[in-house]
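*Asks:* Residue numbers (our numbering): 19 to 231. Backbone N, C-alpha and C define an ideal beta-carbon position, used for all residues, glycine too.
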Ligand SMILES: NC(=O)c1ccc[n+]([C@@H]2O[C@H](COP(=O)([O-])OP(=O)(O)OC[C@H]3O[C@@H](n4cnc5c(N)ncnc54)[C@H](OP(=O)(O)O)[C@@H]3O)[C@@H](O)[C@H]2O)c1
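And the structure:
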């Protein structure tokens, strides 16, 4: 498939390199042609402006700082039906609270003609860049929130291209849970904790009540 990245930073490069390797055509889009071209050259992609990348294909990775994402997007005139992957995290790095309560939903309201899919926000760029990694023998699960099942499936394919496992996590109304989870996890990691210790395995999660769903 054809994938444009709106942004030429760490996330665009980390994810884009795998999609190129998997055989997709990727255009790295940036506001500075030189920076976009340098990233594109490193990963074997094309480069262009933000506008060009946003119109390049059926999928657009939104890889901008959350504080500018909506403003930039509304200037881009994405084609109706485009699948827009929102990997943004809008947390305040001073105290790991959310600066925007529901980023993916805000994006969807700003560009209602596109199919917004929340994914790739839970792990750092190095986890994507160095994919596939397995942790304690299990491939990383990547939660996906979307209202459009076809768009969710498409992003699931792009998760598998990294060697990771897509995990359906509900509609876009639940994307804010992923955003809050990222803020919680990073806040715990930076203060020396390990979020991997927070949850029991599924078999133990419900005690004597069998889990459903
Ligand atoms: N890095 C991570 O570990 C990670 C993990 C999960 C989610 N995320 C989220 O992913 C998103 C991208 O993160 P990143 O690490 O890729 O960021 P980054 O490396 O800082 O790159 C940000 C990109 O946004 C562009 N940009 C910044 N301000 C802009 C503006 N006003 N107009 C147009 N373009 C602008 C930058 O362009 P220039 O190069 O021209 O400055 C750059 O291409 C963020 O929302 C972040 O929260 C990041």
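1) Given that a residue counts as buried once 16 or more other Cβ atoms are within 10 Å of its Cβ, and exposed if not, what is residue 161?
2) Under the assumption that residue 92 contacts residue 173 (Cβ atoms under 8 Å), give the Cβ distance between them as a whole number of angstroms.
3) Bridge partners of residue 133, per DSSP?
4) Does the beta-carbon of residue 92, which I'm using as the reference point, lie nearer than 7 Å to any heavy atom of ligand 1?
5) Just to confirm the assignment, what range does the alpha helix (DSSP H) spanning residue 29 have?
6) Looking at ligand 1, does it come within less than 7 Å of residue 81, judged from the CB to the closest heavy atom?
7) Out of curiosity, what's the CA-to-CA distance linking residue 123 and residue 195?
8) Just to confirm the assignment, what range does the alpha helix (DSSP H) spanning residue 199 have?
9) Which residue's Cα is closest to the Cα of residue 193: 116, 33 and 183?
10) Verify the contact flag: residue 45, CB atom, against every heavy atom of ligand 1, threshold strictly below 7 Å.
11) Grab the span of the alpha helix (DSSP H) containing residue 171 for me, first residue to last.
12) Residue range of the alpha helix (DSSP H) that residue 91 falls in?
13) Please identify the residue among 50, 152, 71 and 52 whose C-alpha is closest to the C-alpha of residue 34.
*Replies:* Taking the geometry as given:
1) Only buried fits residue 161, as 16 or more other CB atoms lie within 10 angstroms of its CB.
2) Their Cβ separation, rounded to whole angstroms, is 22 Å, which puts residue 92 and residue 173 out of contact at 8 Å.
3) Secondary-structure assignment with DSSP links residue 133 through a beta bridge to 101.
4) In this structure, residue 92 has its CB at a distance of at least 7 Å from all heavy atoms of ligand 1.
5) Per DSSP, residue 29 belongs to the alpha helix (DSSP H) from 28–39.
6) Yes, the beta carbon of residue 81 sits closer than 7 Å to at least one heavy atom of ligand 1.
7) Take the alpha-carbon of residue 123 and the one of residue 195: they are about 11 Å apart.
8) From DSSP, the alpha helix (DSSP H) with residue 199 extends over 193–208.
9) Residue 193 has its Cα closest to that of 116, out of 116, 33 and 183.
10) Not so, every heavy atom of ligand 1 lies at least 7 Å from the Cβ.
11) 167–178 is the extent of the alpha helix (DSSP H) around residue 171.
12) Here the alpha helix (DSSP H) through residue 91 covers 84–92.
13) Closest option to residue 34, Cα to Cα, is 71.
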